[in-house]
Amino acid sequence: MNSKTIMAFGAHPDDLEMTCGGTLIKLKQQGHRVICCDMTEGELGTRGTIETRKKECAVASKIMGIDARENLSLEDGFISSSKENKFKVIQVIRKYKPDLIMVHYYKDRHPDHYNTSHLVYESTFLAGLSRIDTGQEHHRVAKILYYIGWVEFKPTFIVDITDQFKQKIRSIYAYETQVKSKDPSYPQTRLTSKEHQWKILSRNKHYGSLIGKKYGEPFLLKGYMEVKDVTKLSFLSL
Ligand SMILES: [Zn+2]
């Protein structure tokens, strides 16, 4: 099998699990190499500490079965496309040499999310320029996929995650301090609310229903997708 390397970038530890976690688990099960990279340690989070979040992230990564997880330790709440930040992203892209990159949709309510999207897009481009010297070989990535966050988009395609859904939910619940309401020493947040749990469930059900499956995760790509063999397309006729 032709194994590929997929790199997924998220602003905060737990973003990837909640958005494209099912697809990452599926890619791993299909024999690909999956690398996750968090931009910040989530130090502005209302609940938990950097230390608890690190431990929870390690558990979640294990549940997803991914190959490696990086954290670039950018400043939570203030992610920008500074030259310094771009160099950090370029270096991690050149380290793993991905075939495909996944990142937040470029429209979102959280500034860290859309700023991560812009930062990763620009750094992906720059990682391919040989005259930007990081002491590493330059690396060109042609493919960037955007996963869904707060703002809806019309998906380019939807991945069936029915068989991975339970594992995805387990990886989200590994972030105990963030999503479980039982610890009264921290205030309750949107993430600990029943509504948020319903949002993840109903969203994955909604996108699954559009392709005739139980659960699905939507993706957007800028530009157009080439189809090599039309008879292998899988879709519901309308
Ligand atoms: Zn986030």
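Start counting the sequence shown at 0; every next residue gets the next number (numbering that gives the first Met the number 0).
No residue lacks a Cβ here, since even glycine has one placed at the ideal position from N, Cα and C.
Bear in mind the structure is a predicted one, so any value in this text is a computation, not a measurement.
Give the DSSP-derived three-state secondary structure of residue i in the structure shown.
i, result
"Val243", "The structure shown does not extend to residue 243, since the chain is modelled only from 0 to 237, so the question has no answer here."
"Pro112", "It is worth fixing the name first, because residue 112 is His in this sequence and not Pro. Three-state DSSP puts His112 in a helix."
"His205", "helix"
"Phe218", "strand"
"Gly9", "strand"
"Phe164", "helix"
"Met101", "strand"
"Glu42", "coil"
"Phe234", "coil"
Any heavy atom of ligand 1 closer than 7 Å to the beta-carbon of residue i?
i, result
"His138", "no"
"Asp111", "yes"
"Asp14", "yes"
"Ala141", "no"
"Ala173", "no"
"Ala10", "yes"
Take the Cβ of residue i as the centre, count every other Cβ of all protein chains shown within 10 Å, and call the residue buried at 16 or more, exposed below.
i, result
"Thr230", "exposed"
"Glu216", "buried"
"Ala141", "exposed"
"Gly20", "buried"
"His103", "buried"
"Thr45", "exposed"
Out of the options, state which residue places its alpha-carbon closest to the alpha-carbon of residue i.
i, options, result
"Gly47", "Pro12, Cys19 and Met17", "Pro12"
"Gly246", "Lys54, Val158 and Glu136", "No answer is possible for residue 246: the residues shown for the chain start at 0 and end at 237."
"Pro154", "Arg52, Lys193, Ile24 and Leu219", "Leu219"
"Lys213", "Asn203, Arg32 and Met17", "Asn203"
"Val119", "Gly134, Ile168, Ile131 and Ile92", "Ile92"
- Message: I'd like to know if the segment 60-68 and the segment 96-104 are in contact, where contact means that at least 3 CB-CB pairs between them fall below 8 Å.
- Response: no
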